[in-house]
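S.K.: The structure that follows is given in the form of structure tokens.
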Amino acid sequence: IMQEMQHRDDIGGFFIKADSLEILDRVTDDVDENLARSVGVPSRDIDNEDAKPYEIFNQQDILDQINQLSSALTSILVAVALISLIVGSIGIMNIMLVTVTERTKEIGLMKALGYNYFDILTLFIVESVIISLFGGILGVLLGLAASTAVNNYLDIANIFPISLILLGFGISFAVGLISGVYPANKAAKMDPVEALHYE
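Pasting the structure below:
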């Protein structure tokens, strides 16, 4: 029928619609078996895909391929995100270590005025968290802008889950907290006399 309609000896392809997804595999197998017989594939080779001069795809195959691609892209993005977090954490730690060094005399003065270990520790950890949160805010804004641009280009509705935005801020807070512990501890343990005489 297809050959008569298209006035061709060969057929590039055609679609068959199953009544439901539940019978999709059965319909695919029936079509495969009938088509194999109609083109002269021996019965022993019906299950051998290489022996058939055609290919059959169903909707589930396409969905599986899309899911595999999506999973691969997700894994890549997660790896990039983890690397970015590690690099960002190291960057914040280095900034705080430089800050501690530059404020050595100030730290010595604070200790001389009665600031204890936990006061100074808290001060520098809070500073580290603030720096990280500013980075998180910038990252969220850039992410929203990029997502909006891509969605508009693809004509897709813009959906921004609040939970993901809050997760971004939560991760920024955690990175700042962890990155600030070592520099803050170093500052809090300084000897006040040595700190005041630091050049």
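Quick note on numbering: the numbering used here labels position 75 of the sequence shown as 95, and the sequence is numbered without any gaps.
Just so you know, even glycine gets a beta-carbon here, dropped at the ideal spot from N, CA and C.
Bear in mind the structure is a predicted one, so any value in this text is a computation, not a measurement.
#1: Could you tell me the distance, in whole angstroms, from the CA atom of A207 to the CA atom of I145?
#2: So, do the stretch 193-201 and the stretch 93-110 have three or more beta carbon pairs nearer to each other than 8 Å?
#3: Considering Cα atoms alone, identify which of L141, S148, T142 is closest to I115.
#4: Check whether the stretch 121-129 and the stretch 208-216 touch, using three or more Cβ-Cβ pairs below 8 Å as the test.
#5: What first and last residue would you give for the alpha helix (DSSP H) that runs through P212?
#6: Hey, could you find the ends of the alpha helix (DSSP H) G144 is sitting in?
#7: Do the stretch 134-142 and the stretch 95-102 make contact, defined as three or more Cβ pairs closer than 8 Å?
#8: Would you call the stretch 164-177 and the stretch 83-98 touching, i.e. three or more CB-CB distances under 8 Å?
#9: I'd like to know whether the C-beta atoms of L105 and I185 end up nearer to each other than 9 Å.
#10: Of all the options M210, D52, G155, S91, which has the alpha carbon lying nearest to the alpha carbon of D139?
#11: Go ahead and label I151 buried or exposed: buried means 16 or more other beta carbons lie within 10 angstroms of its beta carbon, across all protein chains shown.
M.R.: The short version:
#1: On the sequence shown, position 187 is the one that residue 207 refers to. On the sequence shown, position 125 is the one that residue 145 refers to. If you take the alpha carbons of A207 and I145, they lie about 10 Å apart.
#2: The stretch 193-201, when compared against the stretch 93-110, does touch it at the 8 Å Cβ threshold.
#3: Start at 1 with the first residue of the sequence shown, and residue 115 comes out as number 95. Ranking L141, S148, T142 by CA distance to the CA of I115 puts S148 first.
#4: Taking 8 Å as the limit for Cβ pairs, the verdict is that the stretch 208-216 does touch the stretch 121-129.
#5: Here residue 212 refers to the residue found at position 192 when the sequence shown is read from its first residue. For P212, the enclosing alpha helix (DSSP H) covers residues 212-216.
#6: Working through the sequence shown from its first residue, we reach residue 144 at position 124. Here the sequence assigns Phe to residue 144, which means Gly is not the residue at that position. Here the alpha helix (DSSP H) through F144 covers 137-173.
#7: Put simply, the stretch 134-142 does not touch the stretch 95-102. Fewer than three CB pairs are less than 8 Å apart.
#8: Result no; under three Cβ-Cβ pairs closer than 8 Å.
#9: Indexing the sequence shown from 1 puts residue 105 at position 85. Indexing the sequence shown from 1 puts residue 185 at position 165. Not closer than 9 Å, so no.
#10: The count along the sequence shown starts at 1 and reaches residue 139 at position 119. Distance from the Cα of D139 is smallest, within the candidate group M210, D52, G155, S91, for M210.
#11: In the sequence shown, residue 151 corresponds to position 131, counting from 1. Taking all protein chains shown into account, I151 has 16 or more neighbouring C-beta atoms within 10 Å of its C-beta and is therefore buried.
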